[in-house]
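Novice:
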Amino acid sequence: MTYFAPVAPIDLLRKLYACHSAGPYHLLLAHDVVKYKFAYESLFRPDPSRWQIIMDNSAVELGEPVSPEVLLEAVEICQASIVVLPDHLLDAKATVRSTTKALKEWQKPLQDYSRPLDLMVVPQGKTVGQWTACALALSKLSHSRIRWWGIPRNFRDKCNESRQMAVNIVSSFRHDWNIHLLGFSEDTVDDMLTAKDPRVYGIDSAVPVRIGMAGEQFIPGMDTPPRGKWWDEEHGEVTEECKQNIYDVRNWIKKWQS
249 MTYFAPVAPI
259 DLLRKLYACH
269 SAGPYHLLLA
279 HDVVKYKFAY
289 ESLFRPDPSR
299 WQIIMDNSAV
309 ELGEPVSPEV
319 LLEAVEICQA
329 SIVVLPDHLL
339 DAKATVRSTT
349 KALKEWQKPL
359 QDYSRPLDLM
369 VVPQGKTVGQ
379 WTACALALSK
389 LSHSRIRWWG
399 IPRNFRDKCN
409 ESRQMAVNIV
419 SSFRHDWNIH
429 LLGFSEDTVD
439 DMLTAKDPRV
449 YGIDSAVPVR
459 IGMAGEQFIP
469 GMDTPPRGKW
479 WDEEHGEVTE
489 ECKQNIYDVR
499 NWIKKWQS
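Residue numbers for the sequence shown follow my numbering, so the first one is 249 and each next one is one higher.
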């Protein structure tokens, strides 16, 4: 199966958990976790074995990744099992540099971390050629904790190619690493089809949640408005549309049977 991680602010995550819609697979934003430390801690820390948590470096939300100190603090707060190494949007060379630097700087904190922790690398680039070169460089990094590829949504939006191509590229370099699709792109039909690939482990998005909270059904290919200030607004109870959207996405991305 492919896992879907519904991305939402902590108040909604708690409500989704209460109505059995949250699921065990999550992607959390490091800057938000640190900002609302006690709320995240109270939900995720009491029983960390219940969750599989990817701690994202917030590069999309902030324009650049958070500092290593903030990222590792967020990992500790939620007892995350996967952490996204620093990447720089559309910048292949800066991504390789920052990822390599982080592996050196994090050596001691990673040794001190009390639970198993996998690392995720995220190739970047403005063209397919740049993106592929970045992925090849990242695939050659020798670190036993690197076990994940993250496929950014901007591959579809900026390189103008299916994310299926990105899956093929990274699988040719390191087929033994898991693959996660980071967010929905502007082409959600492509996202759903790519997520069904047997090599893809999971995908995350806030889109089905926020569309559902507005009382709308999520349909792949529909036009979706930008997130805007939705993350910081007050939210009421989880709507039936929100729960149905999450259920539908999980159903659509089930693997094809051979």
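C-beta: ideal position from N, C-alpha, C; glycine also.
Look at the alpha carbon of Leu441 and the alpha carbon of Asn408, and state the distance between them as a whole number of angstroms.
Specialist: Within the sequence shown, residue 441 is the residue found at index 193, counting from 1. Within the sequence shown, residue 408 is the residue found at index 160, counting from 1. Their Cα atoms are separated by approximately 16 angstroms.
Novice: Go ahead and label Asn499 buried or exposed: buried means 16 or more other beta carbons lie within 10 angstroms of its beta carbon, across all protein chains shown.
Specialist: Residue numbering aside, residue 499 sits at position 251 when the sequence shown is read from its first letter. Exposed, because fewer than 16 other Cβ atoms sit within 10 Å of the Cβ of Asn499.
Novice: Can you tell me which of the three DSSP states Tyr265 falls into?
Specialist: Numbered from its first residue, the sequence shown carries residue 265 at position 17. The answer is helix: DSSP assigns Tyr265 an H, G or I state.
Novice: Quick test of your reading: Val376 and Gly398, contact by CB under 8 angstroms. State the CB separation rounded to the nearest angstrom.
Specialist: The residue given as residue 376 occupies position 128 in the sequence shown. The residue given as residue 398 occupies position 150 in the sequence shown. Contact doesn't hold; Cβ gap of about 17 angstroms is too wide.
Novice: Within this structure, are the beta carbons of Val448 and Val415 separated by less than 8 angstroms?
Specialist: Along the sequence shown, read from residue 1 onward, the residue named residue 448 stands at position 200. Along the sequence shown, read from residue 1 onward, the residue named residue 415 stands at position 167. Yes.
Novice: Looking only at its own chain, which residues have a Cβ that is under 7 angstroms from the Cβ of Asp259, when we skip the five neighbours before and after it?
Specialist: Translated into positions along the sequence shown, residue 259 becomes position 11. Counting only Cβ-Cβ distances below 7 angstroms, and skipping sequence neighbours, we find His483.
Novice: Which residue comes first and which comes last in the alpha helix (DSSP H) that contains Gly460?
Specialist: Locating residue 460 in the sequence shown gives position 212, counting from the first residue. Element bounds for Gly460: 455-461.
Novice: When you compare only the Cα positions, how much space is there between Asp351 and His391?
Specialist: Here residue 351 corresponds to residue number 103 of the sequence shown, with the count starting at 1. Here residue 391 corresponds to residue number 143 of the sequence shown, with the count starting at 1. Residue identity differs from the one stated: residue 351 is Leu in this sequence, not Asp. Rounded to the nearest angstrom, the two C-alpha atoms are 8 angstroms apart.
Novice: Pick helix, strand or coil for Gly469, following the three-state DSSP scheme.
Specialist: For this step, residue 469 is matched to residue 221 along the sequence shown. Three-state result, Gly469: coil.
Novice: To the nearest angstrom, how far is the alpha carbon of Glu488 from that of Leu333?
Specialist: For the purposes of this step, residue 488 is taken as residue 240 along the sequence shown, with counting starting at 1. For the purposes of this step, residue 333 is taken as residue 85 along the sequence shown, with counting starting at 1. The alpha-carbon atoms of Glu488 and Leu333 are separated by roughly 36 angstroms.
Novice: Leaving out five residues on either side along the sequence, give the residues of the same chain with a beta carbon under 6 angstroms from the beta carbon of Tyr251.
Specialist: Residue mapping note: residue 251 aligns to position 3 of the sequence shown, counting from 1. Around Tyr251: Tyr273, Gly450.
Novice: Starting from Val497, trace the alpha helix (DSSP H) both ways and give me its first and last residue.
Specialist: The residue you call residue 497 lines up with position 249 of the sequence shown. Unbroken alpha helix (DSSP H) run through Val497: 488-500.
Novice: Locate the beta strand (DSSP E) running through Leu358, then write down its first and last residues.
Specialist: The sequence position of residue 358 within the sequence shown is 110, counting from 1. Premise fails: Leu358 lies in the alpha helix (DSSP H), 355-360, not in any beta strand (DSSP E).
Novice: So which of Phe432, Lys283, Asp471 has the shortest CA-CA distance to Ala253?
Specialist: In the sequence shown, residue 253 corresponds to position 5, counting from 1. Of Phe432, Lys283, Asp471, the residue nearest in Cα terms is Phe432.
Novice: List the DSSP bridge partners of Gln300.
Specialist: Here the question's residue 300 lines up with position 52 in the sequence shown. According to DSSP, which records beta bridges pairwise, Gln300 is partnered with Tyr273.
Novice: When DSSP labels each residue in this structure, what does Phe252 get in the three-state scheme?
Specialist: Counting from 1 along the sequence shown, the entry for residue 252 is found at position 4. DSSP places Phe252 in strand when its eight states are reduced to three.
Novice: Helix, strand or coil for Leu430 per DSSP?
Specialist: For the purposes of this step, residue 430 is identified with residue 182 of the sequence shown, where counting begins at 1. In the structure shown, Leu430 sits in a strand (DSSP, three-state: E or B).
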